[in-house]
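All remarks here apply to the structure that follows.
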Amino acid sequence: MTAPFLELVGIRKSYPGVLALDGVSLSVAEGEVVGIVGENGAGKSTLMKVLGGVVAPDAGVIRTDGVERRALSVSDAMAAGIAFVHQELNLFENLDVAANVFIGREVLAGGFLKLVDTRTLHRRVLPLLERLGCDFGPDTMVDSLSLAQRQLVEILKALSLDARLVIMDEPTSSLTIAETERLLRVIAGLKADGVGVIFISHRLAEVERCADRVVVLRDGSVAGELDREHIDHAAMIRLMIGRELKARYVPPAQAPGAPALEVIGARTRLHPGRSVDLTVRRGEILGLAGLVGSGRTELACALFGIDRLLEGTVRVDGAPLDIHHPRAAIERGLYLVPEDRKRCGLLLDVSVAENIALPDLRAYASRGLVSTAAERTGAERQKRSLGIRVPDVATAAGTLSGGNQQKVVLAKWLAMRPRVIILDEPTRGIDVGSKSDIYTLLRALADSGVAILMISSDMEEVIGVADRIAVMHEGRIGGELERAQFSEQNVLRLAVGSTALAA
Amino acid sequence: MIFKKDLGLLVLILLVGTVVAIINPRFLLAANISNTANQIGLFGIIAIAQAFVIVIGGIELSVGAIVALLGVLFVDLIVNAEVHWALAAVIVVGAGMLMGLVHGTLVAKMGMQSFVVTLCALLIYRGSARYYTEDATVGFGFGASFPTLEWLTAGRSEIFAPLARLAGYDGPTIAVPHSLIVLAIVTVVAGILLHRSVLGRYLYAIGKNEEAARYSGIATTRITIAAYVICCGLTALSAILFAMYTRSISPAVHGNFYELYAIAAAVLGGFSLRGGEGSILGVVLGTVLLQVLQNLVNLLGIPSSLNFAVMGSVILIGVLADQQISRYRRQSAAHATRLRASQERAGELAAGRGSDTT
Chain W
39 MTAPFLELVG IRKSYPGVLA LDGVSLSVAE GEVVGIVGEN GAGKSTLMKV LGGVVAPDAG
99 VIRTDGVERR ALSVSDAMAA GIAFVHQELN LFENLDVAAN VFIGREVLAG GFLKLVDTRT
159 LHRRVLPLLE RLGCDFGPDT MVDSLSLAQR QLVEILKALS LDARLVIMDE PTSSLTIAET
219 ERLLRVIAGL KADGVGVIFI SHRLAEVERC ADRVVVLRDG SVAGELDREH IDHAAMIRLM
279 IGRELKARYV PPAQAPGAPA LEVIGARTRL HPGRSVDLTV RRGEILGLAG LVGSGRTELA
339 CALFGIDRLL EGTVRVDGAP LDIHHPRAAI ERGLYLVPED RKRCGLLLDV SVAENIALPD
399 LRAYASRGLV STAAERTGAE RQKRSLGIRV PDVATAAGTL SGGNQQKVVL AKWLAMRPRV
459 IILDEPTRGI DVGSKSDIYT LLRALADSGV AILMISSDME EVIGVADRIA VMHEGRIGGE
519 LERAQFSEQN VLRLAVGSTA LAA
Chain L
2 MIFKKDLGLL VLILLVGTVV AIINPRFLLA ANISNTANQI GLFGIIAIAQ AFVIVIGGIE
62 LSVGAIVALL GVLFVDLIVN AEVHWALAAV IVVGAGMLMG LVHGTLVAKM GMQSFVVTLC
122 ALLIYRGSAR YYTEDATVGF GFGASFPTLE WLTAGRSEIF APLARLAGYD GPTIAVPHSL
182 IVLAIVTVVA GILLHRSVLG RYLYAIGKNE EAARYSGIAT TRITIAAYVI CCGLTALSAI
242 LFAMYTRSIS PAVHGNFYEL YAIAAAVLGG FSLRGGEGSI LGVVLGTVLL QVLQNLVNLL
302 GIPSSLNFAV MGSVILIGVL ADQQISRYRR QSAAHATRLR ASQERAGELA AGRGSDTT
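Chains as they are written, first to last, in my numbering: chain W, 39 to 541; chain L, 2 to 359.
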């Protein structure tokens with residue numbers, strides 16, 4: 039093997055409250071394809087930000103071609119020949135392929151008008167198009183290209199910069215099988231030309247096919263590396279998990295009752311070809327696990343009436359629910375605690391009391407006029423029962439800590455006697471103390487007869503809190519696990535699409 | 002309902018008023034005050050109307066054109082069609098609300114930008130008004146007389162006279178224009194609606210964060226439409242008052258730039274064009290300031306061609322100052338929050354996460 043083109047040694051990066059990377063070392067040689075896998079939150083995206091020069095590490099050394107640096111800047115990364123193909127593509131849809139490839143580096147046709155020399159741009163893009171075997175031309179408008187073709191444009195851009203390392207973040211997550219095949223061929227071509235590739239993916243089968251080496255991240259450090267001949271599903275999964283679980287399971291006070299939420303054949307826009315069936319019973323906490331992009335949030339939004347449900351039946355307490363607007367769900371006691379607290383859950387510069395009263399404002403009003411006193415009393419009651427740490431309920435919600443903000447979002451619904459609560463990543467970005475408060479609260483709610491559907495990417499949380507786990511994989515339920523079958527391994531297997539369970 | 006911003010505005014008005022009064026004492030003449038009050042009454046209503054749309058993050062640019070078109074319609078109905086004026090008023094306000102319904106539906110249901118919708122409405126209404134009258138001035142003929150209507154809309158009453166008599170003063174008192182009384186009523190109703198009612202809360206919620214409002218089950222589409230209906234309905238009411246005040250309407254110029262006066266008053270009164278902020282009292286004070294400035298231009302012998310330039314400068318400086326002050330306030334608040342959070346964390350560590358003291 040040739041000397042590594044890129045070497046990271048002992049990279050550390052911490053954010054307030056989280057150690058995102060804890061001494062990660064990684065090297066990529068010319069023409070080597072390195073797969074990086076790990077659970078959500080294992081540190082993959084932070085590592086990529088370090089490589090792209092967006093984030094400066096707290097400690098560690100980055101070596102490119104033997105040149106040592108403490109951190110890369112964006113221009114350093116570009117000059118070193120590191121190029122990115124992001125999950126969300128950064129293309130200008132209103133420009134053609136050639137203009138996108140040379141954006142910011144346009145060849146000018148002289149003169150003080152500085153006109154862009156379109157012809158030269160097109161001529162320079164052509165050989166690159168042939169090299170990748172693209173089925174579109176330099177003058178094709180990007181908005182007429184498919185997602186897979188746009189990805190190729192990003193790769194073209196990388197090649198035009200003489201990139202020596204192309205980093206692909208979940209490149210296949212929204213590609214069809216045929217498109218994925220083509221991408222894998224392109225990667226093989228890059229490799230043959232001596233370009234290194236970092237391939238980040240949840241899809242272990244593809245990693246297995248294209249990677250020369252796999253680096254497994256777990257909790258911000260390298261859990262292990264696998265060479266070409268040792269790469270297989272089971273080995274990767276074994277390395278990805280294997281922490282001890284900290285959340286302590288509290289069993290329900292009584293056996294779950296009748297089904298409170300029944301979802302039959304629900305199809306959402308993200309995965310229109312797949313449908314979801316699931317049932318949550320009264321007094322039960324059903325954990326909904328799955329990888330990012332498996333369609334869990336879309337399902338939650340469709341059940342609550344935010345997005346349109348393409349097809350399917352939803353029953354609450356046995357009676358069908360016609361969801362066209364969140365109000366319809368709310369009237370039946372089906373509530374959603376959304377994933378993005380700040381954008382969808384709260385009015386940040388409005389008081390805690392007004393936030394709590396908002397969904398049920400009429401209950402705090404007589405003849406159309408809101409009683410601030412009633413609002414205050416209601417909020418004080420919620421503050422006491424949920425332990426919201428705020429000196430005064432008139433404080434703006436945005437000034438609270440993440441955990442307390444989440445409690446305010448919960449309080450909005452708890453004041454309205456819920457039957458079914460859907461929580462989307464209920465403890466993301468929340469401190470440990472508030473986390474356990476919320477778990478206790480969820481259990482108490484379930485014991486009072488509420489059905490709880492908890493979407494979570496936090497393995498510890500799913501296994502430690504849920505009574506039953508449904509695992510979503512690409513738009514459908516890949517499988518369900520009873521408590522006896524709970525293990526990280528089983529959840530992960532279902533999440534990546536395997537069906538066989540370990541004993 | 003009184004906010005810090007409103008107080009600042011009040012101080013500014015008193016300051017400007019005092020300066021003008023010192024330079025030119027005619028500012029304080031009863032007739033001058035009465036005339037300025039009339040202007041405040043007329044323009045205050047369209048400013049409050051505008052506030053209902055601005056609070057949800059929208060804008061209504063067709064205010065001036067509505068004033069022209071509905072003014073023409075009103076005069077035509079009672080002069081030429083000989084409709085009873087009360088019925089004509091109902092028709093005109095109804096027409097205004099219908100316009101609002103259309104604007105609101107285009108914005109909320111069709112997803113168009115309010116700027117585009119109301120800009121097109123401006124052009125359509127202005128053009129219609131001119132076509133309707135064949136570009137001729139319409140007005141009340143010489144003999145025509147509608148005493149009750151005139152008294153109601155353009156009359157003035159010395160309502161302070163009895164009080165003055167009691168105090169032993171029997172000179173002339175300020176004749177309060179009825180437009181100002183209408184504004185007072187509109188202010189109280191709009192104030193309660195916007196600051197105390199469920200609808201008002203929803204309007205602010207949509208302006209602050211429409212997404213969160215939707216996730217809280219608020220019927221954002223309906224509430225948005227309601228905002229435009231209220232706005233255009235109130236504008237229609239002011240169209241009647243303007244028509245009765247000018248008594249003749251040239252559809253090409255009547256109401257020109259009125260939308261800008263309304264937006265300026267709302268912005269001066271603390272409304273953010275991003276939505277979710279501002280108070281009705283602020284809008285009224287903003288109108289007062291604008292009209293006092295107009296008066297200042299007249300009384301201080303500043304060439305009236307500079308009118309707009311003075312207004313523009315004052316608004317620019319006012320909004321800039323306000324923005325800087327609130328930025329400073331936000332920064333110190335954020336600092337306090339960080340401090341509290343770190344203390345909280347330290348306290349938690351010390352207590353070993355024992356008791357929940359709040």
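We put the beta carbon where it would ideally sit given N, CA and C, even for glycine. No experiment lies behind these values; they were computed from the predicted model shown.
For the pair residue 51/W and residue 87/W, the Cα-to-Cα distance works out to about 11 Å. Between the stretch 294 to 314 of chain L and the stretch 19 to 34 of chain L, the count of Cβ pairs shorter than 8 Å is three or higher; the stretches touch. In this structure, residue 177/W keeps its C-beta atom at 8 Å or more from the C-beta atom of residue 131/W.
The alpha-carbon of residue 314/L is positioned some 16 Å away from that of residue 289/L.
For residue 51/W, the enclosing beta strand (DSSP E) begins and ends at 42 to 53.
Look at residue 245/L here: in three-state DSSP terms it is helix. Check the Cα spacing between residue 511/W and each of 124/W, 73/W and 308/W: the tightest is with 308/W. At a cut-off of 8 Å between beta carbons, residue 216/L contacts chain W. Of all residues in the stretch 262 to 293 of chain L, none is placed with a Cβ closer than 7 Å to any Cβ belonging to chain W. For residue 327/W, the beta-bridge partners assigned by DSSP are 509/W.
Considering only 247/W, 207/W, 265/W and 359/W, the residue with the shortest C-alpha distance to residue 341/W is 359/W.
A distance of 8 Å or more separates the beta carbons of residue 319/L and residue 277/L. Within the same chain, and ignoring the five residues on either side of residue 469/W in sequence, the residues whose Cβ sits closer than 6 Å to its Cβ are 441. Per DSSP, reduced to three states, the secondary structure at residue 349/W is strand.
Spanning the alpha carbons of residue 40/L and residue 322/L requires a straight line of approximately 26 Å. For a cut-off of 8 Å, the C-beta gap from residue 178/L to residue 42/L is around 6 Å, short enough to register as a contact. The C-beta of residue 241/L has 16 or more other C-beta atoms within 10 Å across all chains shown, which makes the residue buried. Residue 444/W sits buried, since 16 or more C-beta atoms from the chains shown fall within 10 Å of its C-beta.
Assignment of residue 127/L by DSSP, reduced to helix, strand and coil, places it in the helix class. For residue 230/L, there are no neighbours in chain W by C-beta distance under 8 Å, as the nearest C-beta there is about 16 Å away. With a 10 Å radius around the Cβ and a threshold of 16 neighbouring Cβ atoms, residue 455/W comes out exposed. Among the residues facing chain L, residue 374/W is included, as its CB has a counterpart in that chain under 8 Å away.
If you check the CB distance, residue 93/L and residue 237/L come in under 8 Å. Residue-level contact by beta carbon holds for residue 206/L and chain W, with a gap shorter than 8 Å.
Cα atoms of residue 296/W and residue 278/W: separation of roughly 37 Å, rounded to the nearest angstrom.
Against chain L, the CB of residue 382/W has a partner CB under 8 Å away; the residue lies at that interface. By DSSP's assignment, residue 113/L forms no beta bridge with any residue. Proximity of the stretch 81 to 92 of chain L to the stretch 58 to 67 of chain L falls short of the contact definition, fewer than three beta-carbon pairs being nearer than 8 Å. Listed in chain order, the non-local C-beta contacts of residue 112/W below 6 Å within the same chain comprise 91, local neighbours out to five positions each way being set aside. The C-beta of residue 6/L comes no closer than 8 Å to any C-beta of chain W. Proximity of residue 213/L to chain W, defined by a Cβ-Cβ separation below 8 Å, is satisfied. A buried status is given to residue 75/W, since no fewer than 16 other beta-carbon atoms sit within 10 Å of its beta-carbon. At least 8 Å separates the CB of residue 491/W from every CB of chain L. Contact between residue 489/W and residue 244/W is absent: CB atoms are separated by about 37 Å, not below the 8 Å threshold. One Cα belongs to residue 202/L, the other to residue 211/L, and the distance between them is close to 12 Å.
Taking 8 Å as the threshold, the shortest C-beta distance from residue 198/L to chain W falls below it.
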